[in-house]
Amino acid sequence: MLLKNWDSILNIPIQFLIQGLGGLTVNELIKVSILRNAETVMKASKMRN
288 MLLKNWDSIL NIPIQFLIQG LGGLTVNELI KVSILRNAET VMKASKMRN
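In the numbering used here, the protein residues as written are 288 to 336.
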């Protein structure tokens with residue numbers, strides 16, 4: 288349950304999360320998530336314009 292919730296909150300696939308835990312800290316995973324969300328927002332705003 289918890290992993291599923293985090294997956295939807297951070298928009299990171301579970302596999303990536305599990306693989307990433309070896310080399311990435313939680314902060315780095317969150318940064319990746321924020322960057323992905325920012326890209327999505329940028330694309331959406333470009334489509335509106």
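The C-beta atom is built at its ideal place from N, Cα and C for all residues, glycine as well.
Only a predicted model underlies this, so the values are computations on that prediction, with no experimental measurement involved.
Query: Mapping DSSP to helix, strand and coil, what is M288?; Result: Residue confidence is low: M288 scores 48 on pLDDT, short of 50, so the model does not pin down where it sits. Its coordinate-derived value is still stated next. Of the three classes helix, strand and coil, the one that applies to M288 here is coil, per DSSP.
Query: For N355, does the three-state DSSP call read helix, strand or coil?; Result: The question about residue 355 has no answer here: the residues shown for the chain are numbered 288 through 336.
Query: Give the DSSP-derived three-state secondary structure of T312 in the structure shown.; Result: coil
Query: Would you say N314 touches the ligand GDP, meaning its beta carbon is less than 6 Å from a heavy atom?; Result: The model depicted lacks the ligand GDP and carries no ligand whatsoever.
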